[in-house]
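Here the sequence shown is numbered in our numbering, starting from 14 and rising by one per residue.
Here is the structure we will look at.
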Amino acid sequence: MDTKDAEDGFPPEKQSHPFLHIRSRRLHVVLLLMYAFFCMCQMTAHIGLSLSCMCNSTAVAMMSTNTTKLIEGTESALLKSVFSNTTNDIENNNESCSTLEGKVIKDYGGTFVWSVSWQGYIVSAAFLGGFLFSYPAGFLVDRFSARHILSASVLMLTISSILMPFLATYFGEGGAFASRFVMGISETMLIPSLNSMVTKWIPVNEKSLAASVFTSGNQLSGMFGNVLVAELCASSLGWSSIFYSGSLFGVSWLILWHMTVRNSPHNTRWIHKRELDYLANHIPPKHNSGGSRKKATPWRDMLTSKVFWCLMYNSIIGNMMIALIFVYIPVFFKDVLMLDVQSNGFYSAIPHLSNLVVKLFWGFLMDKLRRNNILSPTSTVKLSQFSSMIGISITCFFLRNVNCSTPIEALVLLSVVSGFFGLSISGFYTSLLSVAPSHIGTLTSLGTVIGFIGRMFTPLLISHYKTVGTAEEWGQVLLIYVFASASGGIIMALFGSGEVQDWDYSKRHNSARPNALVAPESDKSLEDF
Numbered sequence: 014m015d016t017k018d019a020e021d022g023f024p025p026e027k028q029s030h031p032f033l034h035i036r037s038r039r040l041h042v043v044l045l046l047m048y049a050f051f052c053m054c055q056m057t058a059h060i061g062l063s064l065s066c067m068c069n070s071t072a073v074a075m076m077s078t079n080t081t082k083l084i085e086g087t088e089s090a091l092l093k094s095v096f097s098n099t100t101n102d103i104e105n106n107n108e109s110c111s112t113l114e115g116k117v118i119k120d121y122g123g124t125f126v127w128s129v130s131w132q133g134y135i136v137s138a139a140f141l142g143g144f145l146f147s148y149p150a151g152f153l154v155d156r157f158s159a160r161h162i163l164s165a166s167v168l169m170l171t172i173s174s175i176l177m178p179f180l181a182t183y184f185g186e187g188g189a190f191a192s193r194f195v196m197g198i199s200e201t202m203l204i205p206s207l208n209s210m211v212t213k214w215i216p217v218n219e220k221s222l223a224a225s226v227f228t229s230g231n232q233l234s235g236m237f238g239n240v241l242v243a244e245l246c247a248s249s250l251g252w253s254s255i256f257y258s259g260s261l262f263g264v265s266w267l268i269l270w271h272m273t274v275r276n277s278p279h280n281t282r283w284i285h286k287r288e289l290d291y292l293a294n295h296i297p298p299k300h301n302s303g304g305s306r307k308k309a310t311p312w313r314d315m316l317t318s319k320v321f322w323c324l325m326y327n328s329i330i331g332n333m334m335i336a337l338i339f340v341y342i343p344v345f346f347k348d349v350l351m352l353d354v355q356s357n358g359f360y361s362a363i364p365h366l367s368n369l370v371v372k373l374f375w376g377f378l379m380d381k382l383r384r385n386n387i388l389s390p391t392s393t394v395k396l397s398q399f400s401s402m403i404g405i406s407i408t409c410f411f412l413r414n415v416n417c418s419t420p421i422e423a424l425v426l427l428s429v430v431s432g433f434f435g436l437s438i439s440g441f442y443t444s445l446l447s448v449a450p451s452h453i454g455t456l457t458s459l460g461t462v463i464g465f466i467g468r469m470f471t472p473l474l475i476s477h478y479k480t481v482g483t484a485e486e487w488g489q490v491l492l493i494y495v496f497a498s499a500s501g502g503i504i505m506a507l508f509g510s511g512e513v514q515d516w517d518y519s520k521r522h523n524s525a526r527p528n529a530l531v532a533p534e535s536d537k538s539l540e541d542f
């Protein structure tokens, strides 16, 4: 047996079955989940830079009733910038780029004159759509094929992305809002579907690394997507090509996903028997002879659990960080550092590279420490989340002091913030995947519903403090992040867990039948299509 396994490229049983192996089928699935994340971010997360390209920042600033000092003495120059749609080159009168008396606007030559408030509403539209549809999405994932729901989600994202230029051009702010709203519904269907696929394919001792890998689609989109968006914005193709290019990625993923992946390892193709046996022995089956429709959610136990509310609070903080890093870093660079659009694309990519490297290294380290029984699952998630949040809090405090005269310092500090956020994948996100595998769809959707409060709050917070986009205005925003992230780390250290909870169905069933041998879960026939 060992000789045959060696010939097939897999190690003997005593060495476990490697996740990071070229013939590992679950690695192939995780890589496609990573690509799904990439596609989602390409079509949704670059809205900050896209809006900067679509809107005329100078005209928007002149609309504000709070920019009298900005307009005073420079009105003719501003008007010239508005009508020429070129970058505003107003001379800095007091040699400071962080005050209202001097040069404070960077315009990327957009044509829409949408107020800062409306731009915030457009960003928030996706979060509102996700918020309203989060629980129905989890309900569907727990009862139907996660594979099909994931496909439907990416298809809806693709169609919405294609329609965005048409809706924005002919229906204005309302059309853009509607497109983003549908994108939010699609995104909130995608997340629990991804998590459900992970619980069916990945053993608990590999979840930190697997989560680090498949969520890397976010960072890959941030690294390459920001550069692509910036180049398209500066090109003759214009801002509409940003949305068309994102839809092309979605179409390619749909083809690959439909052709190669099934809902669980037990009815998939192209999987080695040793890997199938390994997964059958290491992934807890859902002991439900009557089918998933009869599985009751333990609402009372769940809603009175400290672990549950710890995860929900950290979901809010995590979503605030996602909104800041994926939507508003390009806006921060434009407002505070006053970068041109192509430089902005390059600068915005660096923090995502930092996040990717840190979270992959940290995820590998945490899994190794857990496998070697050096740290328990609970210790790893607590250590990861506490380190992540406290690191972000300290770095955001220093980030408040940067302006356009310190671009390298700003880039380094934002890269450190993004890197620290990468640790949270092995923190609250791994905890979310681990504490209730039988109810992963419901738990994820509740986390998404409550977490979207953080995403919706972020644009409102920034719109409240930001009138023109000075360093002082952004400093007030960052101060909120200092206290919010620190509180998340402390709460996770006190109440977090990486263990399956007593109220989870699979744990209760196993406790009742400790010696039972149960066949692996099989999917409904429709899930194989």
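No residue lacks a Cβ here, since even glycine has one placed at the ideal position from N, Cα and C.
For Cys68, the residue or residues it bridges with in DSSP: Phe125
Per DSSP, what kind of secondary structure is Glu186 in: helix, strand or coil? helix
For Ser428 versus Pro343, is the C-beta distance shorter than 8 Å? no
4-residue-minimum alpha helix (DSSP H) runs that sit fully inside the stretch 157 to 217, ordered along the chain: 159 to 214
Reference Ser510, options Arg468, Phe441, Gly488 and Leu491, closest by Cα: Phe441
Which of helix, strand or coil does DSSP assign to Asp353? coil
Tell me which residues share the same chain as Ile255 and place their Cβ nearer than 6 Å to its Cβ, disregarding the 5 neighbours each side in the sequence. Ser63, Val242 and Leu245
Under the assumption that Ala336 contacts Gly235 (Cβ atoms under 8 Å), give the Cβ distance between them as a whole number of angstroms. Between Gly235 and Ala336 the Cβ distance is about 13 Å, and since that is not below 8 Å, they are no contact.
Would Gln398 and Gly502 qualify as a contact pair, given that the criterion is a beta-carbon distance under 8 Å? yes
Do the CB positions of Val349 and Asn416 come within less than 8 Å of each other? yes
Taking the straight line between their C-alpha atoms, what separation do you get for His41 and Ala159? 17 Å
Measure the alpha-carbon distance for Pro31 versus His477 and round it to whole angstroms. 50 Å
Is there contact here, the stretch 182 to 189 with the stretch 126 to 137, by at least three beta-carbon pairs under 8 Å? yes
Could you spell out the range, first to last residue, of the alpha helix (DSSP H) harbouring Ile504? Ala484 to Phe508
Determine the burial state of Lys286: buried for a count of at least 16 other Cβ atoms within 10 Å of its Cβ, exposed for fewer. exposed
Rounded to the nearest angstrom, what separates Asn69 and Gln132 at their Cα positions? 12 Å
Would you list, in sequence order, the uninterrupted alpha helix (DSSP H) runs of no fewer than 4 residues that lie entirely inside the stretch 336 to 407? 342 to 345 and 354 to 384
Span of the alpha helix (DSSP H) around Thr455: Ile453 to Tyr478
Taking just the CA atoms, how far does Ser406 sit from Ala497? 8 Å
Given 8 Å, three or more beta-carbon pairs between the stretch 37 to 53 and the stretch 273 to 291: yes
For Val371 and Gly435, believed in contact at Cβ under 8 Å, the rounded distance: 4 Å
Would you verify that the beta carbon of Glu186 is, or is not, closer than 8 Å to some beta carbon of chain D? The chain inventory of the structure shown lacks chain D, comprising one protein chain alone.
Pair within 8 Å by beta-carbon distance, Thr408 and Phe433: yes
Select from Val264, Gly142 and Ser221 the residue whose C-alpha is nearest the C-alpha of Ala49. Val264
What are the boundary residues of the alpha helix (DSSP H) that Glu219 is part of? That residue, Glu219, is in no alpha helix (DSSP H); it is neither H nor E in DSSP.
C-alpha gap between Met56 and Leu366, whole angstroms: 19 Å
How many Å lie between Leu507 and Ser437 at the Cα? 16 Å
Between Leu473, Trp487, His34 and Gly238, which lies nearest to Val136 when the distance is taken from Cα to Cα? Leu473
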